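Undergrad: Under our numbering, the letters of the sequence shown match residues 4 to 570, in that order.
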Amino acid sequence: MNTGDSMAQDNTWGWRLVLGYPILSGLLMAAAFPPLPLGFLACISLLPLIPVAENLRGRVAFGAGFLQGVVFYGASVYWIAWITPPGMAGAILYMSLFRGLFVWLWAFAMARVGRLGLWMVPFLWVGFEYFNTLGDMGFPWMLLGHSQVDYLPLIQIAEATGVYGVSFWVVVVNLIAFKALESARRDLMVGALVLAFALPAGFGLWRMAEPVAEGDLKVAIVQQNVPPVEKSYWGFDHNFDKLKPLTIQAAETGARLVVWSEAALPAYLKRDDASHQAYQARVQALVDSLGIYLYMGANRFEAAARDRYYNSSFLFEPGGGDLPHYDKVKVVPFGERAPFPKLLGFLRDFQWSGGGYISGDFESGTALTVFEVPGGKFSGMICFDSVFPWLARDMMVLGAEFLVVITNDGWYGRTSAPYQHADIATFRAVENRRWVVRCANTGVSMFIDPYGRQEQKTGLFHEAVVAGTIAPSDEQTLYMRFGDLFSQLCGVMALMGLAVLAIRRPREVEEDVAPPEGTVPAIMPDRDEEDLPDKGKPMPFLDHLEELRWRILKGLAAIIVGAIFCG
Numbered sequence: 004m005n006t007g008d009s010m011a012q013d014n015t016w017g018w019r020l021v022l023g024y025p026i027l028s029g030l031l032m033a034a035a036f037p038p039l040p041l042g043f044l045a046c047i048s049l050l051p052l053i054p055v056a057e058n059l060r061g062r063v064a065f066g067a068g069f070l071q072g073v074v075f076y077g078a079s080v081y082w083i084a085w086i087t088p089p090g091m092a093g094a095i096l097y098m099s100l101f102r103g104l105f106v107w108l109w110a111f112a113m114a115r116v117g118r119l120g121l122w123m124v125p126f127l128w129v130g131f132e133y134f135n136t137l138g139d140m141g142f143p144w145m146l147l148g149h150s151q152v153d154y155l156p157l158i159q160i161a162e163a164t165g166v167y168g169v170s171f172w173v174v175v176v177n178l179i180a181f182k183a184l185e186s187a188r189r190d191l192m193v194g195a196l197v198l199a200f201a202l203p204a205g206f207g208l209w210r211m212a213e214p215v216a217e218g219d220l221k222v223a224i225v226q227q228n229v230p231p232v233e234k235s236y237w238g239f240d241h242n243f244d245k246l247k248p249l250t251i252q253a254a255e256t257g258a259r260l261v262v263w264s265e266a267a268l269p270a271y272l273k274r275d276d277a278s279h280q281a282y283q284a285r286v287q288a289l290v291d292s293l294g295i296y297l298y299m300g301a302n303r304f305e306a307a308a309r310d311r312y313y314n315s316s317f318l319f320e321p322g323g324g325d326l327p328h329y330d331k332v333k334v335v336p337f338g339e340r341a342p343f344p345k346l347l348g349f350l351r352d353f354q355w356s357g358g359g360y361i362s363g364d365f366e367s368g369t370a371l372t373v374f375e376v377p378g379g380k381f382s383g384m385i386c387f388d389s390v391f392p393w394l395a396r397d398m399m400v401l402g403a404e405f406l407v408v409i410t411n412d413g414w415y416g417r418t419s420a421p422y423q424h425a426d427i428a429t430f431r432a433v434e435n436r437r438w439v440v441r442c443a444n445t446g447v448s449m450f451i452d453p454y455g456r457q458e459q460k461t462g463l464f465h466e467a468v469v470a471g472t473i474a475p476s477d478e479q480t481l482y483m484r485f486g487d488l489f490s491q492l493c494g495v496m497a498l499m500g501l502a503v504l505a506i507r508r509p510r511e512v513e514e515d516v517a518p519p520e521g522t523v524p525a526i527m528p529d530r531d532e533e534d535l536p537d538k539g540k541p542m543p544f545l546d547h548l549e550e551l552r553w554r555i556l557k558g559l560a561a562i563i564v565g566a567i568f569c570g
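#1: Looking at the structure shown, is Thr250 part of a helix, part of a strand, or coil, going by DSSP?
#2: Which residues in the same chain have their Cβ closer than 6 Å to the Cβ of Gly358, if we skip the five residues on either side of it in sequence?
#3: Buried or exposed: Asp219, going by 16 or more other Cβ atoms within 10 Å of its Cβ?
#4: Taking 8 Å as the limit between beta carbons, can you name the residues of its chain near Ala254, skipping five residues before and five after?
#5: Would you say Lys331 reaches chain B, if we count a Cβ-Cβ gap shorter than 9 Å as a contact?
#6: List the endpoints of the continuous beta strand (DSSP E) containing Asp276.
#7: Would you list, in sequence order, the uninterrupted alpha helix (DSSP H) runs of no fewer than 4 residues that lie entirely inside the region 54-87?
#8: Identify which residue in Leu208, Arg259 and Val286 has its Cα closest to the Cα of Lys240.
#9: Mapping DSSP to helix, strand and coil, what is Glu458?
#10: Spell out the partners DSSP gives Arg303 in its beta bridges.
#11: Rounding to the nearest angstrom, what Cα-Cα distance links Val523 and Pro51 in this structure?
#12: Can you find the residues in the same chain that come closer than 8 Å, C-beta to C-beta, to Arg507, ignoring five residues on each side of it along the sequence?
#13: Taking its Cβ as the centre, do 16 or more other Cβ atoms sit within 10 Å of Gly368, making it buried, or is it exposed?
#14: How far does the alpha helix (DSSP H) with Tyr482 in it extend, from its first residue to its last?
#15: Considering only their Cβ atoms, is the gap separating Glu404 from Pro475 smaller than 9 Å?
#16: Do Gln457 and Ala425 have their C-beta atoms within less than 9 Å of each other?
#17: According to DSSP, simplified to helix, strand and coil, what is Lys331?
#18: Only counting the same chain, and skipping five residues up and downstream in sequence, which positions put a Cβ closer than 6 Å to that of Thr164?
#19: Candidates Gly77, Tyr81, Gly61 and Arg62: which alpha carbon is nearest Ser28's?
#20: Cβ of Gly486 within 9 Å of Cβ of Arg396?
#21: Counting along the chain, where does the alpha helix (DSSP H) carrying Phe1 start and finish?
#22: Can you tell me whether DSSP reads Tyr154 as helix, strand or coil?
#23: Nearest to Trp438 by alpha carbon, out of Gly379, Leu119 and Gly413?
#24: Is it true that the CB of Val225 sits closer than 9 Å to the CB of Leu249?
#25: Under DSSP, the beta strand (DSSP E) around Glu375 begins and ends at which residues?
#26: Tell me where the beta strand (DSSP E) around Ile427 begins and ends.
#27: Skipping 5 residues on each side, what residues in its chain have a beta carbon closer than 6 Å to that of Val215?
#28: Rounding to the nearest angstrom, what Cα-Cα distance links Met140 and Phe101 in this structure?
#29: What are the start and end residues of each continuous alpha helix (DSSP H) run of 4 or more residues lying completely inside the region 143-215, in chain order?
#30: Give a yes or no on whether the C-beta atoms belonging to Gln159 and Tyr415 are separated by under 9 Å.
#31: Please go through the same chain and pick out, in chain order, the residues whose beta-carbon is closer than 8 Å to the beta-carbon of Ser235, but skip the five residues on each side of it.
#32: Quick check on the burial criterion: 16 or more other C-beta atoms within 10 angstroms. Buried or exposed for Met123?
#33: Ordered along the chain, which non-local residues of its own chain (more than five positions away) have a Cβ less than 6 Å from that of Cys386?
#34: Could you give the DSSP three-state label for Ala470: helix, strand or coil?
#35: What are the partner residues of Leu602, as DSSP defines its beta bridges?
#36: When DSSP labels each residue in this structure, what does Ile385 get in the three-state scheme?
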């Protein structure tokens, strides 16, 4: 091979590491989530990052991880642009920073201990997932475990570990698959791969063989199907007149509890002025005439030194009462409230979209509520609340026997967002072994049993009334008892491992061993020596990866463009 050919091959290999493999990984991971039924792709989605972490260092490794994040989140949460294009760009870039940091730390571990560093990856991954549930900017959307929602036996371990245990398992499967491809003892590693599937699947099948308890609490869901913009434009009367006949239909099913969606009516309830008291009285009159309990979403106003507004839910009882309410705890950052208000309060009036201002007026709720109806006790989650595992768990610990999720996903049209959001609620059912009743303004509405089976699932953008009988439960799962202990331990172990590696000398490379032809590291000018690919590391695994790379890229490009971006 002449010098020119060698340099060309060097640069080709380098750009594969810096661009090709991160993009491939991001596409594989994105295709594993709704609306595509390809969750199995998550189990190979990290394979392309292994040569990246093994050969790149420093800021180049960070950049490759950042690119993977941009591709993944860009193909997954593109629908944020339906509301705020700047918000979409900000969310993608913000979340991709963590993916870049993840790959940088992964590469750091492999620089210290070689491929032993691979086994630190599941702990590091779960640690990052848990971190992304914390604070005002928490955004635990599209956790890796969510991709397995179609394989119910595999996700039953969430009753002990939360969704994080499923994410941990997916990462481990990626690593075992890598070892099976590159190991001389392939038969042994294939056996390990089979065992990795058999153990959680066997546990899940055993758990799901238990019959679901028969209940006697009948609940009806009203999917009103009013586009969010029209809801405010047409006002209270129009919306109430549309909800009334649907609610009568729901009561005729024999339902004791009827559920309306988030922000079902454009009104502030429990407010002192005459007009809003009249709105509340009309809803109460409907409830009294039908003899039902009605759980619904609306806004709440609280007069104080500075007026406070809440995205809330209310339970109307026959005969009236105190009208118990719950204020949404996890308001959407940059959508309902500026995060870190003391620091970023100036963003309250910044216009993020053509449709309106950042709704910096909404306050976060500070207390959880357990509502009670004849036959059971429940807590409600409003929209973004439902993506936080710890919040649902805290509600169950307080005594809730089933969960009601109300949302308004109509903002995002016929994109993948409503399906992604609906599937996340499945994990709340499994983690707590509770029925979940999900009511969405424009869909997807459904019942989810304690094992994650979705029942009477509605489509998008049509009116619907669906009724079902559920069994409230006081079962205590390990996740309810210990909360996020598993994910927290993963984070602690990852930090401890990094601390040990930080004081360890980097592994030495044997300078006298020439790399086999085809594995020469890239020559990337203008990079620090520490950022260059690891020199001379033969990787048999890449033969398999290269063989599949273009086929997968072409197929995924067609699927993602046709199915995801076209809704």
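Even glycine gets a Cβ: it sits at the ideal position worked out from N, Cα and C.
Note that the structure is predicted; figures quoted are calculated from it, not measured.
TA: Quick look at the numbers:
#1: As a working note, residue 250 is residue 247 in the sequence shown. Three-state result, Thr250: helix.
#2: Residue 358 sits at position 355 when you count from the first residue of the sequence shown. Here the model assigns Gly358 a pLDDT of 41, short of 50, so the residue's position is not dependable, and the following value carries that caveat. No residues qualify anywhere along the chain.
#3: Walking along the sequence shown from the start, residue 219 turns up at place 216. Around the beta-carbon of Asp219, fewer than 16 other beta-carbon atoms lie within 10 Å, marking it exposed.
#4: On the sequence shown, residue 254 is found 251 positions in, with the first residue counted as 1. If we look at Ala254 and ignore the five residues flanking it on each side, its Cβ neighbours are Ala223, Val261, Leu293, Gly294 and Ile295.
#5: The chain labelled as chain B is not found in the depicted structure, where only one protein chain is given.
#6: Working through the sequence shown from its first residue, we reach residue 276 at position 273. That residue, Asp276, is in no beta strand (DSSP E); it is neither H nor E in DSSP.
#7: 61-79
#8: Mapped onto the sequence shown, residue 240 falls at position 237. Rather than Lys, the amino acid found at residue 240 in this sequence is Asp. For the residues Leu208, Arg259 and Val286, the minimum Cα distance to Asp240 belongs to Val286.
#9: Counted from its first residue, the sequence shown places residue 458 at position 455. Three-state result, Glu458: strand.
#10: In the sequence shown, the residue the question calls residue 303 occupies position 300. DSSP output for Arg303 lists Leu272 and Tyr313 as bridge partner(s).
#11: By one-based count along the sequence shown, residue 523 stands at place 520. By one-based count along the sequence shown, residue 51 stands at place 48. Residue confidence for Val523 is low, a pLDDT of 39 falling below 50, so the modelled location carries little weight; the figure read from the coordinates is stated next. Rounded to the nearest angstrom, the two C-alpha atoms are 18 Å apart.
#12: Numbered from 1 along the sequence shown, position 504 holds the residue referred to as residue 507. The residues are Arg115 and Val116.
#13: For the purposes of this step, residue 368 is taken as the residue at position 365 of the sequence shown. It is buried - the Cβ of Gly368 has at least 16 other Cβ atoms within 10 Å.
#14: As a first step, residue 482 must be located in the sequence shown, where it is residue number 479. Per DSSP, Tyr482 belongs to the alpha helix (DSSP H) from Leu481 to Phe485.
#15: As a position in the sequence shown, residue 475 is number 472, starting the count at 1. As a position in the sequence shown, residue 404 is number 401, starting the count at 1. A contact, by the Cβ cut-off of 9 Å.
#16: Taking the first residue of the sequence shown as 1, we reach residue 457 at position 454. Taking the first residue of the sequence shown as 1, we reach residue 425 at position 422. It is a contact, given that the beta carbons lie within the stated cut-off.
#17: Within the sequence shown, numbered from 1, the residue matching residue 331 stands at position 328. If DSSP states are grouped into helix, strand and coil, Lys331 belongs with coil.
#18: Stepping through the sequence shown from its first residue, residue 164 is reached at position 161. Excluding residues within five positions, the ones whose Cβ falls inside 6 Å are Phe489.
#19: By 1-based counting over the sequence shown, the position of residue 28 is 25. The residue among Gly77, Tyr81, Gly61 and Arg62 with its C-alpha nearest the C-alpha of Ser28 is Gly77.
#20: Stepping through the sequence shown from its first residue, residue 486 is reached at position 483. Stepping through the sequence shown from its first residue, residue 396 is reached at position 393. Cβ distance < 9 Å, so Gly486 and Arg396 count as in contact.
#21: Absent from the model: residue 1. The displayed extent of the chain is 4 to 570, so no value can be given.
#22: Numbered from 1 along the sequence shown, position 151 holds the residue referred to as residue 154. It is coil, neither helix nor strand.
#23: Taking the sequence shown and counting its residues from 1, one reaches residue 438 at position 435. With distances taken between Cα atoms, Trp438 lies closest to Gly379.
#24: Here residue 249 corresponds to residue number 246 of the sequence shown, with the count starting at 1. Here residue 225 corresponds to residue number 222 of the sequence shown, with the count starting at 1. Their beta carbons are under 9 Å apart, which means Leu249 touches Val225 by this criterion.
#25: If you number the sequence shown from 1, residue 375 lands on position 372. Phe374 to Val376 is the span of the beta strand (DSSP E), which, as asked, contains Glu375.
#26: For the purposes of this step, residue 427 is taken as the residue at position 424 of the sequence shown. No beta strand (DSSP E) contains Ile427, which is instead part of the alpha helix (DSSP H) from Ala420 to Asn435.
#27: Along the sequence shown, one-based indexing puts residue 215 at 212. Hits under 6 Å: Asp452.
#28: For the purposes of this step, residue 140 is identified with residue 137 of the sequence shown, where counting begins at 1. For the purposes of this step, residue 101 is identified with residue 98 of the sequence shown, where counting begins at 1. Approximately 13 Å between the Cα atoms of the pair.
#29: 155-158, 161-164, 166-185 and 189-211
#30: Position 156 of the sequence shown, counted from the start, is the residue given in the question as residue 159. Position 412 of the sequence shown, counted from the start, is the residue given in the question as residue 415. Cβ atoms of Gln159 and Tyr415: not closer than 9 Å.
#31: As a first step, residue 235 must be located in the sequence shown, where it is residue number 232. Result list for Ser235: Pro269, in chain order.
#32: Reading the sequence shown from its first residue, position 120 is the one you call residue 123. Buried, by the Cβ-count rule.
#33: Position 383 of the sequence shown, counted from the first residue, corresponds to residue 386. So the qualifying residues of the chain are Glu265 and Thr410.
#34: Here residue 470 is taken as the residue at index 467 of the sequence shown, counted from 1. Strand.
#35: The question about residue 602 has no answer, for the chain in this structure spans 4 to 570.
#36: Within the sequence shown, numbered from 1, the residue matching residue 385 stands at position 382. Looking at Ile385 - three-state DSSP - the assignment turns out to be strand.
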